[in-house]
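Read through the structure below, which is laid out as structure tokens, and then see the notes.
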Amino acid sequence: MISLPRALALSLSQLGDPAILRVLFKSLAITLAIFAVLGWALSYGFAAGLEWAGLSDAGGAGTLLAIVSTLIGAWLLFRFVALFVLQFFAEDVVRAVEARHYPGAASAARSLALGEELRNGLRSTLRAFAVNTIALPFALALLVTGVGTALLFWAVNGYLLGRELQDMVWLRHRQDETESAPLGQGQRFLLGGAIAGLLMVPFLNLIAPVMGAAGATHLVHGRRTKLA
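Going by the numbering used here, the residue at position 32 of the sequence shown is 89; the numbering climbs one at a time, nothing skipped.
What follows is the structure, given as structure tokens:
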């Protein structure tokens, strides 16, 4: 059974793999494009709102509001959008890791249909949005503590991420729907917590989703090998 630090170290060492670099660039480009479209839509919406209210936008207030709102939205939603986008390329990351480290498992894996990938992505995104919405009042109450809000969101998203990252790998190898998940709740939380922490760090958050998918591949196959 492989440890989490070892899994992340192996993931980091494979970031230069051409297959993983392609996923990194594609997922990052699409994620940034989504926020660019969001910024454009907000700019248009704020300008229309000011015009409807009879206020002049000569000072570019609508554009400024759109930029600020987009930056705040990117900070709050980047992890959700990035992981949603990664759902469509996760198989490429998993395949690259399996081809190098677990060739036997790679040959036995099944490819997920686009519809299944889309359902998984939407389900995980909606679950993350719902759980974070429920946590929001508690997070606001913890603002007075200084660090309580950040810790709460880290814990919540660590729990969610661990499950989603495991499923990116496991669903390609699951024999039937009654099969138990290979990783325990504690191991999933540690994996998700590590990636959630990276997602809070500027620049590291750009590679965190890919590292999470690669790290989950090592953990899942390490656990499956032990159970075999």
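The beta carbon of each residue, even a glycine, is placed where N, CA and C say it ideally should be.
Start-to-end residues for the alpha helix (DSSP H) that takes in residue 167: Careful: residue 167 lies outside any alpha helix (DSSP H) and carries neither H nor E.
7 angstroms Cβ shell around residue 205 - same chain, five flanking residues per side excluded: Excluding residues within five positions, the ones whose Cβ falls inside 7 angstroms are 199.
Would you say residue 86 faces chain C, with C-beta separation under 9 angstroms as the test? Going by chain labels, chain C is absent from the structure shown, which holds only one protein chain.
Among 187, 67, 219 and 277, the one whose alpha carbon lies nearest that of residue 254: The closest CA to that of residue 254, considering only 187, 67, 219 and 277, is found on 219.
Do the stretch 140–156 and the stretch 73–83 touch if we need at least three Cβ pairs shorter than 8 angstroms? Under the three-pair Cβ rule at 8 angstroms, the stretch 140–156 counts as touching the stretch 73–83.
Reducing DSSP to helix, strand and coil, say where residue 184 ends up. Here residue 184 sits in helix by DSSP.
How far does the alpha helix (DSSP H) with residue 73 in it extend, from its first residue to its last? Where residue 73 is concerned, there is no enclosing alpha helix (DSSP H), given that its DSSP letter is neither H nor E.
For residue 242 and residue 216, the rounded distance between their alpha carbons: Those two C-alpha atoms are separated by around 8 angstroms.
Cα-Cα, which of 280, 262, 279 and 277 is closest to residue 140? Cα-wise, what sits closest to residue 140 is 262.
Can you look up residue 258 in the DSSP assignment and give me helix, strand or coil? Coil at residue 258, not helix or strand.
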